[in-house]
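One structure below.
Protein chains: 2
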Amino acid sequence: MQQAIAILDSGVGGLTVAKEVMRQLPLEKIMYFGDTARTPYGPREPDEVIRFTHQIVSYLLQFQPKMVVIACNTATAVALEEIRSRLTIPVVGVIHPGARAAIKNTRSGRIGVIGTEGTIKSGAYELALRQITPHIEVVSQACPAFVPLVEKGLFHTPEAHAAVAQSLRQFQQIPMDCLILGCTHYPFLRDTIAEVMGPKVNLISSADETAREISTVLYHKGLLATTNSMQVHQFFCSGDPWIFKKIAQEWLNEEIKVTPVVWQVPHIS
Amino acid sequence: MQQAIAILDSGVGGLTVAKEVMRQLPLEKIMYFGDTARTPYGPREPDEVIRFTHQIVSYLLQFQPKMVVIACNTATAVALEEIRSRLTIPVVGVIHPGARAAIKNTRSGRIGVIGTEGTIKSGAYELALRQITPHIEVVSQACPAFVPLVEKGLFHTPEAHAAVAQSLRQFQQIPMDCLILGCTHYPFLRDTIAEVMGPKVNLISSADETAREISTVLYHKGLLATTNSMQVHQFFCSGDPWIFKKIAQEWLNEEIKVTPVVWQVPHIS
């Protein structure tokens, strides 16, 4: 049996990573977990995000994946290193791939980052960027309105457009040549963000970049799938499976089967 | 003492990788070897290229680098796997990074590749691309005129422009949205290649992409340099050190010191 790549997120945002993995690595099998019962993670305390991430990883490990992808910037910011230290399989987050792509692409040396409150407050992008290139200038802004819009499936609406324009009104005045979409939900709003930021700003999707980095890590570990064994991707969610399925099918443009997972100790936020 | 990244090439082409490593990873120390006495590798038999690559790697290992980068597409095509199987430190080539970047960027699914005769004849790019995405369409062409021009330092001359226009006259008619510069010498001719291919073709530099992948691999192995210890890069070449120094300084835009290396059994081609 082909081992899968386990991808987890607070909700539907990580589907942007899943879609790119399916496009860039069509031979790979995916197992996706959206913690839609407890989304969004952005405003939560780090301890809680770490606990939730551990719980999902433990759930997915029963299926023996070959790699774990934390496709949520908030969870990557606070839980990546701890999860990595506990597992023997490779663990990939979504912050370093975006940071590395921005470093490759910037010419001005000033990089913008937008993300959830949790991600921006953690300073994880500044850290990832400056660890590699200490002289880089980073400007960042939290956009708490974006995730709830996407989780409700409202990404192609005038409401979404107004929220993006409003959130980025001041940020768009700052000169920068790269903007990291530092939340895996944001590619759902990419066209609108691009319109607001203008053509001179190169948008870096942590989803696209993470898929590429997954490819790099699998290659260097000798773990790339070599044959197409008619893989069937698996999807799990902790909240309403019908809403999840609707959004996932629209985004992935294919029929999927969703397995609902009910946490034994439910968390109501 | 900070361990260096060893970068080797048939001549000056790998300096495009070195320059990107210096830009994307400014804390890292580099050790560069240009086998200018035996350039170009492109028209040589695989056995000979493997032997030369082994010889350079053995020479560089005395300085205990933390990683070896085969910054030559011809040598990567024929010697990467063998070198990797012999060393315990990570070995990075220049073909897979370019292939992965092209897969990420293409929307049409048709990717162009230009390289030396050796690289194109080896089919290494087709293999790297199709191993990951079997449905991808690859069109390739050898451009044997390019490396000698760059090795002579003639990259900003009317002669270079004429050679590029002539070599790509037919190839530019083929619709493609990505073109991999499948030789580390070609970024020296990038502006001219871009002009000839037109604005719709996204040029993928294996140099830029390899530097980014070096960053990824060092990060995942826990080998990234963490402090700037005022590193001094080292340069070695087997041919005329004055020509090498002139081209390297012009390309890197900084003063360097070159150590000449004379092979004990000289190879005259």
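Line order of the protein sequences matches chains L and A.
Heads up, this note's numbering is the position in the first sequence plus 1, with the first residue counted as 1.
Heads up, this note's numbering is the position in the second sequence plus 1, with the first residue counted as 1.
For every residue, glycine included, the Cβ atom is placed at its ideal position computed from N, Cα and C.
All values derive from a computational prediction rather than experimental measurement.
Excluding the 5 residues flanking it on each side, L:Asp209 has same chain C-beta neighbours closer than 6 Å at Glu21, in chain order. Nearest C-alpha to A:Gly35 among A:Lys258, A:Pro135, A:Gln65 and A:Phe236: A:Phe236.
The closest CA to that of A:Pro27, considering only A:Pro149, A:Glu256, A:Lys105 and A:Thr227, is found on A:Thr227.
Under the 8 Å Cβ criterion, the segment 158-166 of chain A counts as touching the segment 187-196 of chain A, having at least three qualifying pairs. For L:Pro91, the CB contacts under 7 Å within the same chain, skipping 5 residues up- and downstream, are Met68, Val218 and Lys222 in chain order.
Cα atoms of L:Gln132 and L:Val139: separation of roughly 12 Å, rounded to the nearest angstrom. Shown here, A:Met231 sits in coil according to DSSP, grouped into three states, outside any helix or strand.
Relative to A:Val263, the option among A:Arg39, A:Leu9, A:Ile104 and A:Asn74 whose CA is nearest is A:Arg39. If the five residues before and after A:Thr193 are omitted, its C-beta is found closer than 7 Å to the C-beta atoms of Ala161, His162 and Val165, all from its own chain and listed in chain order. The three-state reading of DSSP puts A:Val92 in strand, counting E and B together.
For L:Thr260, the enclosing beta strand (DSSP E) begins and ends at Val259 to Pro261. Contact annotation: in the segment 213-228 of chain A, residues whose CB is within less than 8 Å of a CB in chain L are Arg213, Glu214, Ser216, Thr217, Val218, Tyr220, His221, Leu225 and Thr227. In the three-state DSSP reduction, L:Ala226 falls in the coil class, being neither helix nor strand. Within the segment 20-36 of chain A, the residues whose Cβ lies closer than 9 Å to any Cβ of chain L are, in chain order, Glu21, Arg24, Gln25, Leu26, Pro27 and Leu28. Proximity of chain A to L:Ile96 at the Cβ level (cut-off 8 Å) is not reached, the minimal Cβ distance being about 11 Å. Taken atom to atom, the span from the alpha-carbon of L:Pro261 to that of L:Pro242 is near 6 Å. In this structure, the alpha-carbon of L:Ser239 lies about 53 Å from that of A:Thr117. Proximity of A:Arg111 to chain L, defined by a Cβ-Cβ separation below 8 Å, is not satisfied.
A:Thr211 and L:Thr54 have their C-alpha atoms spaced approximately 32 Å apart. Interface annotation, A:Arg39: not in contact with chain L, CB-CB separation never under 8 Å. For L:Tyr126, the three-state secondary structure derived from DSSP is helix. Shown in chain order are the members of the segment 131-155 of chain A whose Cβ falls below 8 Å from a Cβ of chain L: Gln132, Ile133, Thr134, Pro135 and His136. Taking the Cα of A:Pro66 as reference, the smallest distance to any Cα among A:Ile8, A:Gln232, A:Arg101 and A:Gly12 is reached at A:Ile8. Around L:Ser216, the same chain offers Gln25 and Leu26 as residues with beta carbons nearer than 7 Å, after the five sequence neighbours per side are excluded.
In the three-state DSSP reduction, L:Phe64 falls in the coil class, being neither helix nor strand.
Within the segment 99-110 of chain A, contact with chain L at the beta-carbon level (separation under 8 Å) is assigned to Arg101, Ala102, Ile104 and Lys105. Counting C-beta pairs with one atom in each stretch, the segment 140-153 of chain A and the segment 81-101 of chain A have fewer than three that are closer than 8 Å, which means they do not touch.
Residues of the segment 169-197 of chain A that bring their beta carbon within less than 7 Å of a beta carbon in chain L are absent altogether.
Less than 8 Å divides the Cβ of L:Thr185 from the Cβ of L:Gly15. L:Ile194: member of the alpha helix (DSSP H) spanning Arg191 to Met198, first to last residue. Among the CB atoms of chain L, none fall inside 8 Å of the CB of A:Asp48. DSSP, reduced to helix, strand and coil, places L:Leu9 within a strand of the structure shown. In this structure, the CA atom of L:Gln4 is about 7 Å from the CA atom of L:Lys30. Around the beta carbon of A:Ser207, 16 or more other beta carbons sit within 10 angstroms, so the residue counts as buried. Beta-bridge partners of A:Leu180 (DSSP): A:Gly113 and A:Leu204. When the five nearest sequence neighbours on each side are left out, the beta carbons in the same chain lying within less than 6 Å of the beta carbon of A:Ala103 are those of Ile112, Cys179, Ile181 and Ile205, in order along the chain.
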